[in-house]
Amino acid sequence: MKLISLIGARPQIIKEAILNKEFEKKGIKEILVHSGQHYDFNMSDVFFQVLNIRKADYNLGVGSATHA
Numbered sequence: 149m150k151l152i153s154l155i156g157a158r159p160q161i162i163k164e165a166i167l168n169k170e171f172e173k174k175g176i177k178e179i180l181v182h183s184g185q186h187y188d189f190n191m192s193d194v195f196f197q198v199l200n201i202r203k204a205d206y207n208l209g210v211g212s213a214t215h216a
């Protein structure tokens with residue numbers, strides 16, 4: 149079985165940390181797509197590192213406006 153997971157905001161990234169490990173246990177092939185909504189390290193990448201989530205297969209790079 150294959151599925152696509154689309155993540156972008158921090159709550160989705162945190163949920164992905166749990167789901168990804170379960171998918172691996174069950175032999176489910178996951179295609180991970182990151183919206184690129186948050187391109188700042190502290191808003192996105194840091195969660196991938198801390199939660200040990202693999203790099204997304206695709207990054208849509210949609211970006212967002214400035215944080216000001």
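Per the working numbering, residue 149 is the first one in the sequence shown, and the count goes up by one each step. Where is the CB? At the ideal position from N, CA and C, for every residue including glycine.
Name the DSSP bridge partner or partners of residue i?
i	result
Asn207	His182
Leu167	For Leu167, which the question treats as bridged, DSSP gives no partner whatsoever.
For residue i, tell me which candidate among the options has the shortest Cα-Cα distance.
i	options	result
Lys175	Arg158, Ala204, Lys150	The amino acid occupying residue 175 in the given sequence is Gly; Lys does not appear at that position. When each option's Cα is compared against that of Gly175, the closest is Lys150.
Gly211	Asp193, Ser183, Ile162, Val194	Ser183
Pro159	Lys173, Gln185, Asp205, Ile179	Gln185
Quick check: the Cα distance between residue i and residue j, rounded to an integer number of angstroms?
i	j	result
Val194	Glu164	14 Å
Gly156	Lys173	24 Å
Ile201	Lys169	9 Å
Phe171	Lys203	15 Å
Can the beta-carbon of residue i be found less than 9 Å from the beta-carbon of residue j?
i	j	result
Leu180	Tyr206	yes
Ile135	Phe196	Since the displayed the chain opens at 149 and closes at 216, residue 135 lies outside it and no answer follows.
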